[in-house]
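Student: Those sequence lines, one after another, are chains A and B.
If you read the first sequence in this note's numbering, its first letter stands for residue 44, the second for the next number, and so on.
If you read the second sequence in this note's numbering, its first letter stands for residue 44, the second for the next number, and so on.
Ideal Cβ positions, reconstructed from N, Cα and C, are used throughout, including at glycine.
As the structure is a prediction and not an experimental result, all values here were calculated from the model.
There are 2 protein chains.
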Amino acid sequence: MPGDSMPRIADPALPERRRAQILEAARACFQEHGFRQTTIEEVCAQARISPGALYRYFAAKADIVAAIALDARSDAEAALDRLNGAAQLIDGLTELAHAFFAACDNNREAALIGDVWAEAAHDPLLAKALSERAKTTTARIAAAINHAQRDSEIYPALASAEAAEILMAALDGMALRRAIFWEGPAELARRFRLLALHILKPKR
Amino acid sequence: MPGDSMPRIADPALPERRRAQILEAARACFQEHGFRQTTIEEVCAQARISPGALYRYFAAKADIVAAIALDARSDAEAALDRLNGAAQLIDGLTELAHAFFAACDNNREAALIGDVWAEAAHDPLLAKALSERAKTTTARIAAAINHAQRDSEIYPALASAEAAEILMAALDGMALRRAIFWEGPAELARRFRLLALHILKPKR
DNA sequence: ACCTGAACACCGTTCAAGT
DNA sequence: ACCTGAACACCGTTCAAGT
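1. Helix, strand or coil, according to DSSP, for P245 of chain A in the structure here?
2. Determine the chain B residues that contact R220 of chain A at a beta-carbon separation under 7 Å, and present them in chain order.
3. Report the residue ranges of all beta strand (DSSP E) runs contained in full by the segment 93-170 of chain B; include only those spanning at least 3 residues, in chain order.
4. Please list the terminal residues of the continuous alpha helix (DSSP H) segment that includes A275 of chain B.
5. Count Cβ pairs between the segment 50-68 of chain B and the segment 211-219 of chain A that sit closer than 8 Å; are there 3 or more?
6. From what residue to what residue does the alpha helix (DSSP H) around F73 of chain B run?
7. Is F78 of chain A close to chain B, meaning its C-beta is less than 9 Å from at least one C-beta of that chain?
8. Please list, in chain order, all residues of the same chain as Q89 of chain A whose beta carbon is under 7 Å from its beta carbon, the five residues on each side excluded.
9. State the beta-bridge partners of I197 of chain B as determined by DSSP.
10. Does the CB of D158 of chain B have a neighbour CB from chain A at under 9 Å?
11. Which same chain residues end up closer than 7 Å to L240 of chain B when comparing Cβ atoms and leaving out the 5 residues on each side of it in sequence?
12. A88 of chain A lies in the alpha helix (DSSP H); which residues open and close that run?
13. Looking only at its chain, what residues have a beta carbon closer than 6 Å to the beta carbon of L243 of chain B, apart from the 5 residues adjacent to it on each side?
14. By the 10 Å Cβ neighbour count, where 16 or more other Cβ atoms means buried, how is T181 of chain A classified, buried or exposed?
15. Counting only Cβ pairs nearer than 9 Å, list the residues of chain B close to P234 of chain A.
16. Using the beta-carbon of each residue, which ones in chain A are nearer than 8 Å to I272 of chain B?
17. Are the Cβ atoms of E138 of chain B and A130 of chain B separated by less than 9 Å?
18. Could you check the C-alpha separation between M49 of chain A and L57 of chain A for me, to the nearest Å?
19. Name, please, each residue of chain B whose Cβ falls closer than 9 Å to the Cβ of I242 of chain A.
20. Please decide whether A103 of chain A counts as near chain B, where near means a Cβ-Cβ distance under 9 Å.
21. With 9 Å set as the bound, which would you pick, yes or no: does the beta-carbon of A153 of chain B sit closer than that to a beta-carbon of chain A?
22. Quick check on L136 of chain B - is its C-beta less than 9 Å from some C-beta in chain A?
23. Consult DSSP for L237 of chain B and reduce its assignment to one of helix, strand or coil.
24. Can you check whether the CB of A122 of chain A is closer than 9 Å to the CB of R142 of chain A?
25. Which same chain residues end up closer than 6 Å to N150 of chain A when comparing Cβ atoms and leaving out the 5 residues on each side of it in sequence?
26. Report all residues from its chain with a CB closer than 7 Å to the CB of A172 of chain B; omit the five preceding and five following residues, and keep chain order.
27. Taking DSSP as the reference, what is the three-state secondary structure of Q80 of chain A?
28. Taking the straight line between their C-alpha atoms, what separation do you get for L66 of chain B and A96 of chain B?
29. Where E175 of chain A and I223 of chain B are concerned, what is the direct C-alpha to C-alpha distance, given to the nearest angstrom?
30. Going by C-alpha to C-alpha distance, which of A:S195, A:D194 and A:A187 sits closest to S203 of chain A?
31. Which of the residues in the segment 176-187 of chain B, read from start to end, lie with their CB under 8 Å from any CB of chain A?
32. Going along the segment 106-131 of chain B in order, which residues come within less than 9 Å of chain A, judged by CB to CB distance?
33. Answer with yes or no whether the minimum CB distance from A140 of chain B to chain A is below 9 Å.
34. Starting from the Cα of I111 of chain A, find the closest Cα among A:W160, A:R91, A:L210 and A:R99 and give me that residue.
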């Protein structure tokens, strides 16, 4: 009906904007002091919003780390895309690993990794989401391995799915250890390359 | 001086007993509900002790997980001892991995792993302690690899220290993923064996 | 010397009240 | 429809008082 009532929604884009605003503030705080040590009040101050408003967009503090964890898509996706184009599979994988390790370089984003795993261990929904993402990633890497095998760039020594799973597990393990033992991304990338070489046995 | 005064220490073994009592109770609680979700009050109830008494033996809740993490020595040490005796290095490593994965089988000890890493990322003392232990473990595995190389059981394809680091990182990564993605210990041990085979290239 | 348990401080979450 | 900020509930930690 024309000339009906007041607008039902003031700004349809607002909710998404608020969520982004909160996530950015939270990411900054968490990286600085860690998930547990950061208080909701600090996040609110950083985001210039009140607690009441924050809880309008996130049901709990844990949901905020979960959202951050799932947001780390973009970089990883981009690196995976480059992988499909890489003539040299090993080089592509090494670059992927290096990007992964370097992402948590100067800032303390590495510390967040542990928090996210810890959270996931007690939050089935986050666990499920991470699991899905891991499955996708592994599948894409397996596909790249298959591709390289068809081009006879590497020996078909191992089922590609299995090789991909092993590589991803090692990547996660190295990233975690990086957060605690403070090894450099370059050193870790070199080590990952060594691993990939031995698992995938490239010809020449 | 004889017939001096009251005994200065009622029972010299008491402190250690109390610590053990608290750690056992805490371990049970943490495995059941996770570190964060467990309250000090619950640990106290389980240990049949008051909060005040607990804080006489641990300065903070975080110190309790730290102690638990560092207590996981015994099993690992035993497995490492068996490793030095293993004629077949690969078999020994696989057994080590299987023991590691199976330790957190039915119970939810796996969930604790994430908590410990998260804690370590923000607790330099725990990080240091874990780092020391990792260094020792890696050195022992590297020694076992050297030994097997001298017996020409495996090809000297890779510096033993580097191979050991890669294997340990993968082990940690697989254990973590196990806590979230619920893969079986047997499957993971099989995958780890595959990895070890490719990294260490045994002869025959 | 060791313990108890009430009290304190802090922080995640809610909700009545505003616009 | 969206926000504020005071209030609530919960839990880690402390401490005065007991034995």
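Tutor: Inspection of the coordinates gives the following:
1. Looking at P245 of chain A - three-state DSSP - the assignment turns out to be strand.
2. Taking a Cβ-Cβ cut-off of 7 Å, the neighbours of R220 of chain A in chain B comprise A212 and D215, given in sequence order.
3. If we require 3 residues or more, the segment 93-170 of chain B turns out to have no beta strand (DSSP E) run fully inside it.
4. What the structure shows of chain B is the stretch from 44 to 247, and residue 275 of chain B is not part of that stretch, so it cannot be assessed.
5. In this structure the segment 50-68 of chain B does not lie against the segment 211-219 of chain A, because fewer than three pairs of beta carbons, one per stretch, are closer than 8 Å.
6. Its alpha helix (DSSP H) spans residues L57 to H76.
7. Proximity of F78 of chain A to chain B, defined by a Cβ-Cβ separation below 9 Å, is satisfied.
8. Result list for Q89 of chain A: A68, A71 and C72, in chain order.
9. In the DSSP output, where bridge partners are listed per residue, I197 of chain B has B:P245.
10. Taking Cβ atoms only, chain A reaches closer than 9 Å to D158 of chain B, which makes this a yes.
11. So the list reads I133, once near-sequence residues are dropped.
12. Counting along the chain, the alpha helix (DSSP H) containing A88 of chain A begins and ends at I83 to A90.
13. Same-chain partners within the cutoff: I197.
14. The residue in question, T181 of chain A, is buried, as its Cβ has 16 or more Cβ neighbours within 10 Å.
15. Position check: residue 234 of chain A holds Arg in this sequence, whereas Pro was assumed. Neighbours of R234 of chain A on chain B, chain order: E205, E208, I209 and A212.
16. Given that chain B is displayed from residue 44 to residue 247, the structure contains no residue 272 of chain B and the question cannot be resolved.
17. No. Outside cutoff.
18. In this predicted model, M49 of chain A has a pLDDT of only 47, less than 50, meaning its place in the structure is not dependable; the value taken from the coordinates is given anyway. Each residue's alpha carbon lies about 17 Å from the other.
19. Ordered by position in chain B, the residues that pass the 9 Å Cβ test against I242 of chain A are L237, L238, H241 and I242.
20. Output row for A103 of chain A: interface = no.
21. Yes, contact with chain A.
22. Nearest CB-CB separation between L136 of chain B and chain A: not below the 9 Å threshold.
23. Of the three classes helix, strand and coil, the one that applies to L237 of chain B here is helix, per DSSP.
24. A quick correction: the sequence has Ala, not Arg, at residue 142 of chain A. Contact flag set, yes.
25. Residue placement at N150 of chain A is flagged as unreliable, the pLDDT there being 49, under the threshold of 50; the coordinate-derived value follows with that caveat. Q74, listed in sequence order.
26. Taken in chain order, the residues that qualify are L113.
27. Q80 of chain A falls in the coil class under three-state DSSP.
28. For L66 of chain B and A96 of chain B, the distance between alpha carbons rounds to 13 Å.
29. Rounded to the nearest angstrom, the two C-alpha atoms are 11 Å apart.
30. S203 of chain A has its Cα closest to that of A:A187, out of A:S195, A:D194 and A:A187.
31. Answer in chain order: A177.
32. Listed by position along the chain: nothing, the set is empty.
33. By this cut-off, A140 of chain B is not an interface position.
34. Comparing Cα-Cα distances from I111 of chain A to each of A:W160, A:R91, A:L210 and A:R99, the minimum goes to A:W160.
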